[in-house]
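In numbering that gives the first Met the number 0, the protein residues as written are 0 to 291. Don't be surprised by glycine CBs; every beta carbon is placed ideally from N, CA and C. Written out below as structure tokens is the structure these notes cover.
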Amino acid sequence: MHHEVPAQPLISLSGEVVLVTGAGSGAASGPHEGRQSAPKDLWGIGAAIAAYAALAGASVGVLDVDLTSAQRTVERLVTVDPTASARMIALGADVTDEMQVVTAVERLRRERGPLSGLVNNVGIGGPGGTAAAVDLDGWSAAFEINVTSMVVTTRIALPDLERTHGGIVNISSLAGIRGGHHGLSYPTTKAAVIGMSQTMAGHHGPAGVRVNTVAPGLLHTPMVANRGLSEERRRTRAAASMLGVEGSSWDVAGPVAFLLSRAASWITGVTLPVDAGLSAIAPNLGVAARDA
Ligand SMILES: NC(=O)c1ccc[n+]([C@@H]2O[C@H](COP(=O)([O-])OP(=O)(O)OC[C@H]3O[C@@H](n4cnc5c(N)ncnc54)[C@H](O)[C@@H]3O)[C@@H](O)[C@H]2O)c1
0 MHHEVPAQPL
10 ISLSGEVVLV
20 TGAGSGAASG
30 PHEGRQSAPK
40 DLWGIGAAIA
50 AYAALAGASV
60 GVLDVDLTSA
70 QRTVERLVTV
80 DPTASARMIA
90 LGADVTDEMQ
100 VVTAVERLRR
110 ERGPLSGLVN
120 NVGIGGPGGT
130 AAAVDLDGWS
140 AAFEINVTSM
150 VVTTRIALPD
160 LERTHGGIVN
170 ISSLAGIRGG
180 HHGLSYPTTK
190 AAVIGMSQTM
200 AGHHGPAGVR
210 VNTVAPGLLH
220 TPMVANRGLS
230 EERRRTRAAA
240 SMLGVEGSSW
250 DVAGPVAFLL
260 SRAASWITGV
270 TLPVDAGLSA
280 IAPNLGVAAR
290 DA
């Protein structure tokens, strides 16, 4: 529904120190480079979350395996709000490499103070195919990036989060809460993120650390645009939701900021679909309900 950088975030993250992984994603960047190029005004989900958090007053570690793309996220915000952009630090690190993440977190802590928020946003599509065909090496690699990396970053951030009584938001997907995906690997990793987050919430709640999940629906993002989604398919996808409106990364960034914020201090272990109601619809029954 919101396709532009918000002028005025509704959430305050003033004084917070937040690390966002996979925050370099943006138009014509990332692993899809060279394929159909996304419109220049599109922001990736991690980049939008990082920008929104900075606009809301947080110091933000903009972490990506591709340092140049992380720097681009910081630069993109300069034109919108130079002060917010100055609160960001671009960090190059591969989330599957523990030492690289340790180094990045140490720098963020040294320059901005202990972490009070962690957004585990990195996720890849993984190999396609059903159980009959999926490549098992690709399957293991997808689990390492989409699930295991979140354990590693959490482990590294926990001492700070316990000190600050902070929060973690893990990014899943509509694909992780509903069937119907063409491949087996991606939804399986995204469902694992939900189970992992709920269990982590129980483990770390007594120390004052909240762990929640956001499950975005069918958005228009650089990743999706680079796949070459037709205008007609975009309209059909948007019309399928309860609101009938296409979403962008900014529609995800606000709810993530809310869950990180002190306004959500009594919320942990939840999975929040951000999907214009799509996950609440049983498509076949939906037709019957309209007729009733
Ligand atoms: N795009 C959508 O419509 C959609 C919908 C539902 C859920 N999601 C989820 O949202 C998250 C972000 O999606 P997106 O569309 O912005 O993805 P994206 O591919 O555009 O961006 C992901 C970013 O992560 C970075 N990255 C990849 N591997 C990394 C690693 N090992 N270490 C550090 N950085 C790494 C990439 O360089 C890239 O900048 C993912 O978890 C995805 O599964 C996306």
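Relative to ligand 1, is the shortest distance from any of its heavy atoms to the C-beta of residue i smaller than 6 Å?
i	result
Thr95	yes
Met222	yes
Leu117	no
Val64	yes
Leu242	no
Val121	yes
Leu9	no
Gly21	yes
Ile88	no
Ser24	yes
Ile170	yes
Gly112	no
Pro254	no
Leu218	yes
Pro215	yes
Gly43	yes
Ile48	no
Ser229	no
Ser260	no
Ser68	yes
Ile167	no
Ile144	yes
Based on DSSP bridge pairs, tell me the residues matched to residue i.
i	result
Thr270	Thr212
Ser84	Looking at the DSSP assignment, Ser84 forms no beta bridge with any residue, so it has no partner.
Leu9	According to DSSP, which records beta bridges pairwise, Leu9 is partnered with nothing at all.
Leu18	Gly60 and Leu117
Trp138	None, per the DSSP bridge assignment.
Leu218	Gly246
Ile167	Leu117 and Val210
Ala89	Val61
Trp42	Gly25
Let me confirm a value: residue i is counted as buried when at least 16 other C-beta atoms fall within 10 Å, else exposed. Which label applies?
i	result
Ser68	buried
Trp249	buried
Ala132	exposed
Asp63	buried
Gly201	exposed
Gly33	Confidence is the limiting factor: at Gly33 the pLDDT is only 40, short of 50, which leaves the residue's position unreliable and the question unanswerable from this model.
His181	exposed
Val4	buried
Thr267	buried
Ala279	exposed
Ala275	buried
Lys39	exposed
Asp96	exposed
Val210	buried
Gly29	Note that Gly29 scores 41 on pLDDT, short of 50, meaning its location in the model is unreliable; the coordinates nonetheless yield the value given after this. By the neighbour-count rule (16 or more Cβ atoms within 10 Å), Gly29 is buried.
His164	exposed
Leu9	exposed
Ser240	buried
Trp265	exposed
Leu277	buried
Ala206	exposed
Asp159	buried
Met98	exposed
Leu117	buried
Ala238	exposed
Val77	exposed
Thr198	exposed
Gly246	buried
| Okay, do the stretch 101-110 and the stretch 74-84 touch, 3+ Cβ pairs below 8 Å being the bar? | no
| Taking contact to mean at least 3 C-beta pairs separated by less than 8 Å, is the stretch 50-60 in contact with the stretch 14-23? | yes
| said: If contact is defined by three or more beta carbon pairs under 8 Å, each pair taking one atom from either stretch, is the stretch 183-190 in contact with the stretch 116-128? | reply: yes
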